Each structure stands twice: as C-alpha cells, then as structure tokens.
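Visitor: Residue numbers (this note's numbering): 15 to 265.
Think of the CB as a built atom: it goes at the ideal place given N, C-alpha and C, for glycine as much as any other residue.
Being a predicted model, the structure only gives us computed values, none of them experimental.
Structure below; questions to follow.
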Ligand code: 13P
C-alpha cells in the first residue's frame, strides 16, 4: 500500500521571515498527521532556517533542484552533500519550469536523479506535457520519453527512492486543473511503463504525485484516483490554511 505523499513547492517565493512563519504554522497545524508523508521545498537560501523551524515536526524538507557533481568549480550550483548538510530529505528534479524556462534536458535530469540517489536524497522527478503536445495527441509519448530518459540506467533498487510527479504544464499556475480522469489516465500509463521497465512490484511501490493547480477544492477528487498517490502543490502550499486543508482531506 502506497502511503500518500503531499509536498509543497514554494518556487521563488517567500522571504526569510515569511518562510519560517509558513513552516512553523504548518508544523503546528499538522503535528498530529501520521498517515500522510509531508514535505516542503523552500528556496535554497531559506533551507537552513526552515529546517530549524521544522525540527521535531513530521514535515520533511526538500530542495527545488540539485546539481549532479559533488563539488568544485560549478558557480551557482548546489550539491547533494550540501543539501544533506542542511537536513534535506528530498530534491525536486526536472520541474517543468527548469525544463522549459531554464532549458534542462532529459539527459541532465537523468544525471541529477542518479546523483541524488547515490548522495542519499529522494528525488521528486517531474514530468508533464505542454498544451500543444496534449492537443496534438502526444501526451503519452512525451511523458513516456521523459520517464524513460529520466530513469535511464537506474537499477530497481535505486528507482524505489524516486517519487514521480506528473505535472501537465498547461495546468501549472493557470488555475486549470487536469480532471481526475485525465490525471488517472496518465498516472496509469506511467505505472504500466514502470512495470515494463522494471516489474510489477517496483511499479506498485513507486508513488506518483499529481501537480498543477491542486487546491483544497480538488484534492479529494484527485486523491480518489487509483494511481494518484499524492500531490506536488505550488500556489496553495504558500498558505498554511490551504496546504493544511489539503493534507487533512487525505488523512
Ligand atoms: P501550482 O500548484 O501553483 O499550479 O504549481 C504546481 C507545481 O508546479 C508544483 O511543482
């Protein structure tokens, strides 16, 4: 049985004060929740402060990205060891904003996933199609290619560290959520692909989150889908009340 996993991606939001306030608020509101895995992913510069605010809570810390090299002359990049050093458990990798705004490739994402697992981080590996790809009937092909290339070379042991987040790009930050049926169709396809790439038991264990305008009002419907195991939440994760309500819907 897959334990639900709801993570908040704060993106490039908050400041040193509001990040700590948000984390402390969530730690207080969610202290009795044990049936859902919870994480928040603040900007790099606030990880240490948020780690302190979450200390002793049941909320894990994640980063929004990680670099694949262990150290050296990589100006601006952050290594797995650095993230572990500030108490991160998870790292989001391959978010659509990094693929489409920054230009990350499947090959780079694959290196990051592999390095994260070797370095003891749990990747939240994002995939998802653009609107024009969906309209052209290419959703399955695009997502399958991203999954195959992102996980290339990973053994079954290693891939179990991964959570996949299906985030249709047209639903991110737009207020347009995929219907439960659209989400379930792609989640089922990803799980079938994992069964083909690995085996049924690996496919049955890997959690697949949905992301894209997830909010309190659509949480129950999305989470009722057989292959939706959690949510990767952007905007609604910046409000203590909304993020708490979403998690409490699933408890
Ligand atoms: P929104 O929930 O703001 O649409 O963002 C989704 C997302 O990109 C989470 O990683």
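Per DSSP, what are the beta-bridge partners of residue 180 in this structure?
Guide: Your numbering for residue 180 matches position 166 in the chain shown. DSSP lists 141, 224 as partners of residue 180.
Visitor: Looking at the ligand 13P, does it come within less than 7 Å of residue 107, judged from the CB to the closest heavy atom?
Guide: As a first step, residue 107 is located in the chain shown; it is residue number 93 there, counting from the start. False, no ligand heavy atom lies under 7 Å from that Cβ.
Visitor: Give every residue of the same chain whose Cβ lies closer than 6 Å to the Cβ of residue 71, excluding the five residues on either side of it in the sequence, and list them in chain order.
Guide: By one-based count along the chain shown, residue 71 stands at place 57. Contacts found: 41.
Visitor: According to DSSP, simplified to helix, strand and coil, what is residue 55?
Guide: Within the chain shown, residue 55 is the residue found at index 41, counting from 1. Residue state, collapsed to three classes: strand.
Visitor: Just to confirm, are residue 55 and residue 86 a CB contact at a threshold of 8 Å?
Guide: To locate residue 55, count along the chain shown from 1; it is residue 41. To locate residue 86, count along the chain shown from 1; it is residue 72. Going by C-beta atoms, residue 55 is not nearer than 8 Å to residue 86.
Visitor: Taking 8 Å as the threshold (beta carbon to beta carbon), is residue 135 in contact with chain B?
Guide: Structure shown: chain B not included; a single protein chain is present.
Visitor: Alpha carbon to alpha carbon, how far is residue 248 from residue 228?
Guide: As a first step, residue 248 must be located in the chain shown, where it is residue number 234. As a first step, residue 228 must be located in the chain shown, where it is residue number 214. Looking at the two C-alpha atoms, the distance is approximately 8 Å.
Visitor: Check residue 19 in the structure and name its three-state DSSP category.
Guide: Start at 1 with the first residue of the chain shown, and residue 19 comes out as number 5. Strand.
Visitor: Quick one: does the C-beta of residue 181 sit closer than 7 Å to a heavy atom of the ligand 13P?
Guide: For the purposes of this step, residue 181 is taken as residue 167 along the chain shown, with counting starting at 1. Yes; taking the cut-off as 7 Å, the Cβ of residue 181 has a heavy atom of the ligand 13P nearer than that.
Visitor: If we ignore side chains and look at the alpha-carbon of each, how far apart do residue 190 and residue 24 end up?
Guide: Mapped onto the chain shown, residue 190 falls at position 176. Mapped onto the chain shown, residue 24 falls at position 10. Distance between the alpha carbons of residue 190 and residue 24 is about 19 Å.
Visitor: If we count Cβ pairs, one from each stretch, closer than 8 Å, do we get three or more for the segment 210 to 221 versus the segment 253 to 260?
Guide: Contact fails: fewer than three Cβ-Cβ distances are below 8 Å.
Visitor: Have a look at residue 146 and residue 265 and give me their C-alpha separation to the nearest angstrom.
Guide: Looking up residue 146 in the chain shown gives position 132. Looking up residue 265 in the chain shown gives position 251. When rounded, the distance between both Cα atoms is 36 Å.
Visitor: Pull the bridge partners of residue 76 from the DSSP assignment, please.
Guide: The sequence position of residue 76 within the chain shown is 62, counting from 1. Bridge partners of residue 76: 104.
Visitor: In this structure, what does DSSP give as the bridge partners for residue 247?
Guide: The sequence position of residue 247 within the chain shown is 233, counting from 1. Its beta-bridge partners are 22.
Visitor: Ordered along the chain, which non-local residues of its own chain (more than five positions away) have a Cβ less than 6 Å from that of residue 175?
Guide: Your numbering for residue 175 matches position 161 in the chain shown. Answer for residue 175: 131, 136, listed in chain order.
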